[in-house]
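Each residue of the sequence shown is one higher than the last, beginning at 134 in this note's numbering.
Here a beta-carbon is modelled for each residue, glycine too, at the ideal position from N, C-alpha and C.
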Amino acid sequence: MKRVFDEISDEEWENHTFKPSRVLKKNPNPPAIESFAFNSRTPPADFSDQSSDDCVEIEQLEDDDSDGDFKLEDDDVLPEEAAPVNRARKALQKCAKISAELRKELYGSSGASCERYSEVETSSVRIVTQNDIDEACGAEESDFQPVLKPYQLVGVNFLLLLHRKGIGGAILADEMGLGKTIQAITYLTLLKHLKNDPGPHLIVCPASLLENWERELKKWCPSFSVLQYHGAARAAYSKELSYLSKAGLPPPFNVILVCYSLFERHSMQQKDDRKILKRWRWSCVLMDEAHALKDKNSYRWKNLMSVARNANQRLMLTGTPLQNDLHELWSLLEFMMPDLFATEDVDLKKLLNAEDRELIGRMKSMLGPFILRRLKSDVMQQLAPKIQRVEYVTMEKKQDDAYKEAIEEYRTFSRARIAKLSESDLNNVVGILPKRQISNYFIQFRKIANHPLLVRRIYNDEDVVRFAKRLHSMGVYQCTLDRVIKELKTYNDFSVHRLLLRYGITGGKGTLSDEHVMLSAKCQALAELLPSLKKSGHRVLIFSQWTSMLDILEWTLDVIGVTYRRLDGSTQVTDRQTIVDDFNNDTSIFACLLSTRAGGQGLNLTGADTVVIHDMDFNPQIDRQAEDRCHRIGQTKPVTIYRLVTKGTVDETVYEIAKRKLTLDAAVLESGMDVDKEGEMAEKTMGQILSSLLMS
Ligand SMILES: Nc1ncnc2c1ncn2[C@@H]1O[C@H](COP(=O)(O)OP(=O)(O)OP(=O)(O)O)[C@@H](O)[C@H]1O
């Protein structure tokens with residue numbers, strides 16, 4: 134099955150149109166994919182001879198000098214001309230063998246006695262101890278004492294074990310905020326200290342996290358020289374790097390930090406950058422927020438693979454649980470072990486002649502030993518509690534009218550279409566309306582439920598023509614009047630207002646007043662909630678999926694009279710960490726406004742103890758990432774999450790669906806239910822909601 138690639142970068146997200154996403158799983162317990170230190174209840178894949186497992190101390194491996202146990206042997210190399218089906222089957226067999234042997238190393242010969250990670254004594258996992266880490270980090274000579282939490286020590290040992298066994302890939306999938314960054318950096322430090330391997334290492338992360346990585350590297354591994362290679366500033370280095378790489382000379386750093394966009398675009402500069410990176414042989418290529426690599430058909434995946442292919446190790450960090458998705462699992466396997474898994478884009482189900490369920494089960498079992506995932510509930514009992522609250526808000530007349538008008542308008546259109554179609558299911562908009570239209574209608578309903586200024590209703594077409602003439606005569610636009618009119622007709626009320634404000638057009642039906650910003654039920658709720666939170670000493674993160682909504686929220690916070698900072702995809706990468714630091718350190722700043730995508734991943738915002746999800750995503754994991762910006766190590770207060778839901782609108786349905794996804798019976802997901810058809814599901818869901826709105 135050919136998958137449609139749909140990748141959203143920071144910039145694209147700003148112009149994002151609504152696209153609900155797939156079923157994800159809540160706080161799986163046990164985790165979605167069994168991880169080595171948790172338990173061994175899932176039997177290993179039945180691809181190879183496999184003796185029963187036992188729990189052994191990793192300590193026992195210390196005498197084992199057979200580095201590279203699991204490397205491909207010459208006679209394992211598959212002939213190029215082999216049929217894809219044989220190649221894939223052989224790859225799976227080989228991987229199962231590696232997986233089974235690794236499992237044996239981890240659990241010994243009677244895995245049944247192996248308990249969950251939280252019950253495992255830390256002292257039993259000892260390739261390195263805290264003392265080794267102190268020594269490697271030079272803690273004695275420094276003011277900073279790098280003390281790992283017990284489960285982090287296990288994480289570092291897990292990575293070292295895989296390295297020792299010559300395994301080219303690993304996934305550290307601890308829940309968000311448990312310190313994956315620190316574990317990965319300590320691991321790199323230990324490679325230098327124990328294996329005399331100073332890199333070079335390539336770290337790839339979202340733009341918002343570049344500064345954080347640089348800072349943590351400087352703090353936890355001060356002896357490394359680190360180069361942040363991003364944005365316009367990289368021009369200063371590109372010549373030198375190009376020269377050195379062409380000349381076969383080593384790079385002038387231990388670690389280079391780049392962001393994913395370097396692998397997404399086709400500009401000359403980006404191509405040149407990739408060429409430079411391809412010339413060096415990397416010790417470790419480390420990918421933060423690695424769920425970004427779940428689609429092997431994406432440019433990002435392919436371009437990054439072309440650089441990472443020859444690395445000794447590809448290490449992926451992600452806090453998002455992995456899914457029961459054949460293609461995602463295959464993408465990860467292939468990224469970890471490209472030599473083994475390089476397959477053409479083929480239909481895996483047909484290729485492997487197996488049912489989804491069975492195949493997913495096998496692949497998950499095989500991936501198990503390469504993945505380490507711990508949950509907060511397992512390892513951080515002392516972490517502050519997280520309290521979830523849903524605030525149902527009620528629209529007042531003007532917003533309600535706008536919503537009803539939209540329903541009427543779209544209903545009329547749908548009926549007109551039905552009249553033209555002879556045979557159709559009159560209770561279902563899918564099949565009556567074009568796909569794009571279904572999605573557009575849905576977005577419009579969501580916009581009105583969030584804020585009526587997100588559609589154009591106050592300014593009519595005559596107003597728009599009048600403003601267009603005025604602005605055109607002022608020389609604001611260098612194009613024909615007709616084009617200006619056409620352009621302004623696509624604006625919503627808030628955009629028109631902003632334009633008028635900018636050019637000082639205030640007379641007549643000019644700019645809007647503060648009352649207009651309070652026309653939404655959610656803004657009214659904020660006007661009640663925020664002052665009382667402020668009075669009780671709380672500080673707040675407010676998330677929205679739309680930057681235009683963030684603009685309106687800025688205005689709302691000004692009207693309410695609270696101080697704030699803002700971070701979204703358009704925020705300069707170099708400014709992002711400063712905003713985070715300002716917010717965390719300056720308690721006079723009450724709120725931080727963030728876009729769910731740019732601000733939802735990786736940032737540490739423990740200065741706040743309250744999160745407001747202004748508009749939810751269909752995908753509850755996206756909102757959970759946002760919540761965990763302040764519910765993480767370093768948080769000392771209980772964290773409260775408020776979800777705003779506008780009553781009687783599609784908002785309620787989105788919430789219900791997200792909730793259902795979170796509480797979906799774990800057994801169903803564990804069994805490998807096919808949730809691969811993301812696009813189809815989105816359409817179906819939106820179609821159902823619209824059908825009940827427009828066809829009744
Ligand atoms: N052992 C430790 N000692 C002190 N601080 C720590 C330790 N481990 C982690 N932290 C701090 O906890 C915070 C969360 O860590 P980190 O950002 O690495 O988590 P993460 O698992 O990568 O989260 P996410 O999945 O959200 O990116 C950071 O501020 C980090 O400096």
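| Item | Value |
| --- | --- |
| Do you know whose CA, among 603, 655, 442, lies nearest residue 882's CA? | Look at the range of the chain in this structure, 134 to 829, and you will see that residue 882 is not part of it. |
| Could you say which of 705, 738, 706, 701 lies nearest to residue 715 if we only look at CA atoms? | 738 |
| Hey, how far is the Cα of residue 209 from the Cα of residue 519? | For residue 209, the predicted structure reports a pLDDT of 41, less than 50, and the residue's modelled location is therefore unreliable. A value from the coordinates is still provided. Distance between the alpha carbons of residue 209 and residue 519: 50 Å. |
| Can you give the Cα-Cα distance for residue 612 and residue 600, rounded to whole angstroms? | 15 Å |
| Return helix, strand or coil for residue 470, following the three-state DSSP convention. | coil |
| Looking only at its own chain, which residues have a Cβ that is under 8 Å from the Cβ of residue 660, when we skip the five neighbours before and after it? | 651, 689, 692, 693 |
| For residue 790, which of helix, strand or coil comes out of DSSP? | helix |
| Quick one: what does DSSP say residue 185 is sitting in, helix, strand or coil? | Unreliable placement is indicated for residue 185, whose pLDDT of 29 sits below 50; the coordinate value is still reported in the next sentence. If DSSP states are grouped into helix, strand and coil, residue 185 belongs with coil. |
| For residue 295, which residues of its own chain have a beta-carbon under 6 Å away from its beta-carbon, when the five flanking residues on both sides are left out? | 303 |
| Which whole-angstrom value describes the C-beta separation of residue 288 and residue 307, a residue pair presumed to lie in contact below a C-beta threshold of 8 Å? | 7 Å |
| With distances taken between CB atoms, is the gap from residue 363 to residue 342 smaller than 8 Å? | no |
| Go ahead and pull the three-state DSSP assignment for residue 446. | strand |
| Excluding the 5 residues flanking residue 416 on each side, which residues of the same chain have their C-beta closer than 6 Å to its C-beta? | 330, 332, 334, 445 |
| How would you label residue 277, buried or exposed, when you count the other beta carbons within 10 angstroms and need 16 or more for buried? | exposed |
| Ignoring anything shorter than 3 residues or poking outside the stretch 566 to 603, list the beta strand (DSSP E) runs there in chain order. | none |
| Who does residue 266 pair with in a DSSP beta bridge? | Beta-bridge pairing links residue 266 to no other residue. |
| Going by DSSP, name the residue or residues bridged to residue 340. | Answer by DSSP bridge pairing: none, since residue 340 is not bridged. |
| According to the neighbour-count rule (16 or more other Cβ atoms, all chains shown, within 10 Å of its Cβ), is residue 522 buried or exposed? | exposed |
| DSSP three-state call for residue 180: helix, strand or coil? | Residue placement at residue 180 cannot be trusted, given a pLDDT of 30 that sits under 50; the coordinates are not used to answer. |
| Hey, residue 742 and residue 677 are a contact pair by Cβ (cut 8 Å); roughly how many whole angstroms apart? | With 8 Å as the limit, residue 742 and residue 677 do not qualify as a contact, their Cβ atoms being about 20 Å apart. |
| Contact check, residue 777 vs residue 726 under 8 Å by CB: the rounded distance? | Going by Cβ atoms, the distance from residue 777 to residue 726 rounds to 14 Å, so no, they are not a contact pair. |
| For residue 666, which residues of its own chain have a beta-carbon under 7 Å away from its beta-carbon, when the five flanking residues on both sides are left out? | 673, 743 |
| Determine the DSSP secondary structure at residue 656, reduced to helix, strand or coil. | helix |
| Pick out whichever of 516, 620, 569, 281 has its Cα sitting closest to the Cα of residue 772. | 516 |
| Flag this pair as yes or no: are the beta carbons of residue 466 and residue 228 separated by less than 8 Å? | yes |
| Indicate whether residue 526 and residue 780 have their beta-carbon atoms separated by less than 8 Å. | yes |
| Can you have a look at residue 345 and say buried or exposed, based on whether 16 or more other CB atoms are within 10 angstroms of its CB? | buried |
| In three-state DSSP terms, what is residue 465? | helix |
| When you measure from the CB of residue 709 to every non-hydrogen atom of ligand 1, does any distance come out below 7 Å? | no |
| How many angstroms separate the CA atom of residue 591 from the CA atom of residue 569? | 26 Å |
| Alpha carbons only, please: which of 584, 754, 658, 774 is nearest the one belonging to residue 682? | 584 |
| Classify residue 519 as helix, strand or coil using the three-state DSSP reduction. | strand |
| Tell me whether residue 805 sits in a helix, a strand or coil according to DSSP, three-state version. | No answer about residue 805 holds up, because its pLDDT of 39 lies below 50 and its placement is not dependable. |
| Assign residue 524 to one of three DSSP states: helix, strand, or coil. | strand |
| Where does residue 672 sit, in a helix, a strand or coil, going by DSSP? | coil |
| What residue ranges within the stretch 284 to 316 form continuous beta strand (DSSP E) runs of no fewer than 3 residues, ordered along the chain? | 302 to 305 |
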